[in-house]
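Chemist: In the numbering used here, the protein residues as written are 502 to 759.
Built from N, CA and C at the ideal position, the CB exists for glycine as well.
Structural data, given as structure tokens:
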């Protein structure tokens, strides 16, 4: 009974440290049980019973109902308990074939659930159970079947991990793009506005400078320089309608310094 409880606790435990503690208790209880069953006539009778039941056909009968439930998509918890009880039965009867099949079947339950839920923790449990079954297995064909399950479990895990990484990367990129947009939009608008204003102010500033130079040249009587400055002022702005102020004309010189 203690072994059954320990096994049930191990398959349900989701914490590594706690699971290790349960496993130590299970191994200790197993050693105690083996010490008891190896003594006296009861041990001899147990070995005889083990020899009688250690056949593939009789072992398969023990799994018939549970396998049907698993195929039909039955309650996972009840199947976990059922296979755990078969593991305990195999340990008590020293039936290695029964233990191996029960452990492998327990791994199948976790593999199915992990594949459906995409929860890698179930795949980790399945891998651990398959490795345990492989270590106990003495049948080549069964060992090959377990290895195939291990490879398939690894493939499913890799697929889940790859998709998760891609999804996380895509989400992060979208967030980064949005952050850049949120951060850059006001700045970009302000920069664009400033650039526009600068472009508007720059010709006007140059125009004013040339205009002032021309006015000073007129005041000093340097008409050639004044004419050049006024021409440069007009050229810097290209304002529609100002072309009538031709360099050298009276209207240009008078209006420029009003």
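Are the CB atoms of residue 658 and residue 621 nearer to each other than 7 Å?
Modeler: As a position in the chain shown, residue 658 is number 157, starting the count at 1. As a position in the chain shown, residue 621 is number 120, starting the count at 1. In this structure, residue 621 lies closer than 7 Å to residue 658 by Cβ.
Chemist: Quick check: what's the CA-CA separation for residue 609 versus residue 678?
Modeler: Start at 1 with the first residue of the chain shown, and residue 609 comes out as number 108. Start at 1 with the first residue of the chain shown, and residue 678 comes out as number 177. Straight-line Cα distance between these residues: approximately 43 Å.
Chemist: Within the same chain, show all residues whose beta-carbon is closer than 7 Å to that of residue 714, passing over the 5 residues directly before and after it, in chain order.
Modeler: As a working mapping, residue 714 is identified with position 213 in the chain shown. Closer than 7 Å at the Cβ level, and outside the excluded window around residue 714, lie 730.
Chemist: What would DSSP say about residue 760, mapped onto helix, strand or coil?
Modeler: Residue 760 lies beyond the residue range present for the chain, which begins at 502 and ends at 759; the question has no answer from this structure.
Chemist: Assuming residue 599 and residue 587 make a contact with CB atoms under 8 Å, what is their CB distance in whole Å?
Modeler: The residue labelled residue 599 in the question sits at position 98 within the chain shown. The residue labelled residue 587 in the question sits at position 86 within the chain shown. Contact holds; Cβ gap of about 6 Å.
Chemist: Cutting at 7 Å between CB atoms, please list the residues of its own chain near residue 638, excluding the five before and the five after it.
Modeler: By one-based count along the chain shown, residue 638 stands at place 137. So the list reads 601, 644 and 647, once near-sequence residues are dropped.
Chemist: Spatial neighbours of residue 724 within its chain, please: C-beta separation below 6 Å, excluding the five flanking residues on both sides.
Modeler: Sequence index remark: in the chain shown, residue 724 carries index 223 (1-based). Cβ within range, chain order: n/a, list empty.
Chemist: Going by the beta-carbon positions, is the gap between residue 651 and residue 630 smaller than 7 Å?
Modeler: Sequence index remark: in the chain shown, residue 651 carries index 150 (1-based). Sequence index remark: in the chain shown, residue 630 carries index 129 (1-based). No, the Cβ-Cβ distance between residue 651 and residue 630 is not below 7 Å.
Chemist: Run through the segment 610-649 for me and flag every whole alpha helix (DSSP H) of 4 or more residues, listed as ranges in chain order.
Modeler: Fully enclosed alpha helix (DSSP H) runs of 4 or longer: 621-637.
Chemist: I need the straight-line Cα distance from residue 526 to residue 654, nearest angstrom please.
Modeler: Along the chain shown, read from residue 1 onward, the residue named residue 526 stands at position 25. Along the chain shown, read from residue 1 onward, the residue named residue 654 stands at position 153. Each residue's Cα considered, the two are about 28 Å apart.
Chemist: Nearest-angstrom Cα distance between residue 671 and residue 619?
Modeler: Residue mapping note: residue 671 aligns to position 170 of the chain shown, counting from 1. Residue mapping note: residue 619 aligns to position 118 of the chain shown, counting from 1. Distance between the alpha carbons of residue 671 and residue 619 is about 19 Å.
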